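So the sequence shown is numbered by this note's numbering: it starts at 20 and just counts up by one. Cβ atoms here follow ideal geometry from the backbone N, Cα and C, with glycine treated the same way. Remember, it's a predicted structure, so these values are computed and weren't measured experimentally.
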Amino acid sequence: MNGESNTRLAAETWESLFRAQVTLMRRFEAAGDFSPLPAREYDVLFTLARAPGHRMRLRDLNESMLLSQPSMSRMAERLEHRGLVERCKADDDARGLVVSLTEKGLELQKQVGRQHVRSISRELGKALTDEEMRTLHELTVKLRLGCQASGGRSAP
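Below is the structure:
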């Protein structure tokens, strides 16, 4: 393949992957998967639930999300007011903040997560065989790790 064909194929592949994700997220949101949270707030709780000790520095949490630093700070503040996370100064940096999932936040994440996983299984199962899901998983992991190895921002 020549460079132009590779570039076009890469663009078409990215567009297809992106549109599939958007289509699925819209279905999940329409089904109320994340209720009583907006999807982005659930994503924060999910990310914290997977982090060691259910806690992350705010800057690291921000890197795993598609939000600006000020937006992430405001979201963490809202989640703290609802008792879902706690914010505290980082031990090693007085300017840094650590965001920790509370028991209430962890329980809500698990509750919402169970519903969301059922929806994911239903939607992917309609379109893909188990073998196709395994292949898609392998390819997306390879893509993510390849981007991380070349110096890109990482997601959990």
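Looking at 115, 60, 109 and 153, the one whose alpha-carbon comes closest to that of residue 99 is 60. Counting C-beta pairs with one atom in each stretch, the stretch 139 to 159 and the stretch 89 to 106 have fewer than three that are closer than 8 Å, which means they do not touch. In chain order, 81 place their CB closer than 6 Å to the CB of residue 88, counting only its own chain and leaving out the 5 sequence neighbours on each side.
A distance below 8 Å separates the beta carbons of residue 103 and residue 64. In the displayed model, residue 62 falls within a helix according to three-state DSSP. For the 8 Å CB-CB criterion, residue 74 and residue 131 do not form a contact. Residue environment analysis places residue 124 among the buried positions, since at least 16 neighbouring C-beta atoms fall within 10 angstroms of its C-beta. Less than 8 Å divides the Cβ of residue 62 from the Cβ of residue 84.
Residue pairing by DSSP places residue 108 opposite 116 in a beta bridge. Looking at 42, 128 and 30, the one whose alpha-carbon comes closest to that of residue 56 is 128. In the DSSP assignment, the residues bridged to residue 76 are 117.
Contact between residue 120 and residue 164 does not hold, since their C-beta atoms are separated by about 26 Å, which reaches or exceeds 8 Å.
Between the C-alpha atoms of residue 31 and residue 136 there is a straight-line separation of about 28 Å.
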